[in-house]
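Residue numbers (the numbering used here): 208 to 394.
Beta carbons are placed, not taken as given, at the ideal position from N, Cα and C, and that holds for glycine.
Note that the structure is a prediction, hence the values are computed from the model and not measured.
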Amino acid sequence: MNKSIFTGIVVLGLAASAVARAHTLDLNLNNDTVAVDYTTQIQKSEVNIGAGLLHHQDNGDVYYGSFFVADNVNKQSGLLAGIGGRAYYVDADRSDDNGTAVGLGGFVNWDIPTVTNLSLRSDLYYAPDVLAFDELEGYMDFTARVQYRLIEQAWVYLGYRYAEAKTESPGKSKLDEGGHLGVMIWF
Numbered sequence: 208m209n210k211s212i213f214t215g216i217v218v219l220g221l222a223a224s225a226v227a228r229a230h231t232l233d234l235n236l237n238n239d240t241v242a243v244d245y246t247t248q249i250q251k252s253e254v255n256i257g258a259g260l261l262h263h264q265d266n267g268d269v270y271y272g273s274f275f276v277a278d279n280v281n282k283q284s285g286l287l288a289g290i291g292g293r294a295y296y297v298d299a300d301r302s303d304d305n306g307t308a309v310g311l312g313g314f315v316n317w318d319i320p321t322v323t324n325l326s327l328r329s330d331l332y333y334a335p336d337v338l339a340f341d342e343l344e345g346y347m348d349f350t351a352r353v354q355y356r357l358i359e360q361a362w363v364y365l366g367y368r369y370a371e372a373k374t375e376s377p378g379k380s381k382l383d384e385g386g387h388l389g390v391m392i393w394f
């Protein structure tokens with residue numbers, strides 16, 4: 208049933224892309240993990256919706272749908288910020304600790320003014336126990352990266368991710384932690 212919720216989010220996202228003006232496709236990987244994220248901006252607004260998948264070959268999968276607003280903090284500063292939420296479905300391979308969570312958070316992206324085409328980005332989404340369901344008691348998703356714009360519509364980056372689910376069984380289930388290489392295209 209929870210996967211059908213994710214499927215619904217993807218279908219809504221694709222339908223909304225018909226009235227969208229900007230899209231990003233982000234793919235990153237390392238030896239154990241692959242992640243993909245698609246985001247689209249709704250026409251004549253700062254509203255963005257998207258969907259993504261994090262697959263770890265040993266620890267499981269995380270599916271999510273996202274909704275956020277984003278805009279320049281200050282045009283001269285090179286800061287872009289977004290705030291919103293993500294609806295997660297966690298399918299842990301090593302246990303029966305599967306569930307859903309609603310993470311609140313956002314991102315900050317800073318174009319370094321003294322280095323052409325280089326920027327820093329960090330995302331953080333957190334779901335406390337009150338927004339975690341089924342076997343989950345919380346979820347945290349953190350990424351940070353250094354990215355370089357190769358051409359107007361494409362970036363390459365080196366990043367770090369920490370994704371963790373707090374579960375009803377003792378301890379926490381780390382879904383991913385470590386570095387990755389990625390590419391993001393804008394179209």
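Between the alpha carbons of Met-208 and Thr-321, how many angstroms are there, rounded? On the sequence shown, residue 208 is found 1 positions in, with the first residue counted as 1. On the sequence shown, residue 321 is found 114 positions in, with the first residue counted as 1. With a pLDDT of 47 at Met-208, under the threshold of 50, the predicted position of this residue should be treated as unreliable, though the coordinate-derived value follows. Roughly 50 Å between the two C-alpha positions.
Which of helix, strand or coil DSSP assigns to Met-208: Your numbering for residue 208 matches position 1 in the sequence shown. In this prediction, Met-208 scores a pLDDT of 47, lower than 50, which makes its location untrustworthy; the coordinate-derived value is nonetheless stated afterwards. Here Met-208 sits in coil by DSSP.
Taking 6 Å as the limit between beta carbons, can you name the residues of its chain near Glu-371, skipping five residues before and five after? Walking along the sequence shown from the start, residue 371 turns up at place 164. Take Glu-371, set aside five residues on each side of it, and the residues of its chain with a beta-carbon closer than 6 Å to its own are Met-347, Lys-379, Lys-381, in chain order.
Would you kindly work out how many angstroms separate the C-alpha atoms of Leu-287 and Trp-317, rounded to a whole number? On the sequence shown, position 80 is the one that residue 287 refers to. On the sequence shown, position 110 is the one that residue 317 refers to. So the two alpha carbons sit approximately 6 Å from each other.
Using the Cα positions of Asp-268 and Val-337, report the straight-line distance between them to the nearest angstrom. Start at 1 with the first residue of the sequence shown, and residue 268 comes out as number 61. Start at 1 with the first residue of the sequence shown, and residue 337 comes out as number 130. Straight-line measurement puts the Cα of Val-337 at about 22 Å from the Cα of Asp-268.
Hey, quick one: how far does the beta strand (DSSP E) through Asn-255 stretch, first residue to last? For the purposes of this step, residue 255 is identified with residue 48 of the sequence shown, where counting begins at 1. Per DSSP, Asn-255 belongs to the beta strand (DSSP E) from 254–263.
Could you check the C-alpha separation between Ile-392 and Arg-228 for me, to the nearest Å? Your numbering for residue 392 matches position 185 in the sequence shown. Your numbering for residue 228 matches position 21 in the sequence shown. Rounded to whole angstroms, the separation of the alpha carbons of Arg-228 and Ile-392 is 14 Å.
Hey, quick one: how far does the beta strand (DSSP E) through Ser-380 stretch, first residue to last? By one-based count along the sequence shown, residue 380 stands at place 173. Taken as a continuous stretch (DSSP letters only), the beta strand (DSSP E) holding Ser-380 covers 379–393.
Simplified DSSP state of Asp-278, which is helix, strand or coil: In the sequence shown, counting from the first residue as 1, residue 278 sits at position 71. In the structure shown, Asp-278 sits in a strand (DSSP, three-state: E or B).
What are the boundary residues of the beta strand (DSSP E) that Leu-287 is part of? Start at 1 with the first residue of the sequence shown, and residue 287 comes out as number 80. Per DSSP, the continuous beta strand (DSSP E) segment holding Leu-287 begins and ends at 286–299.
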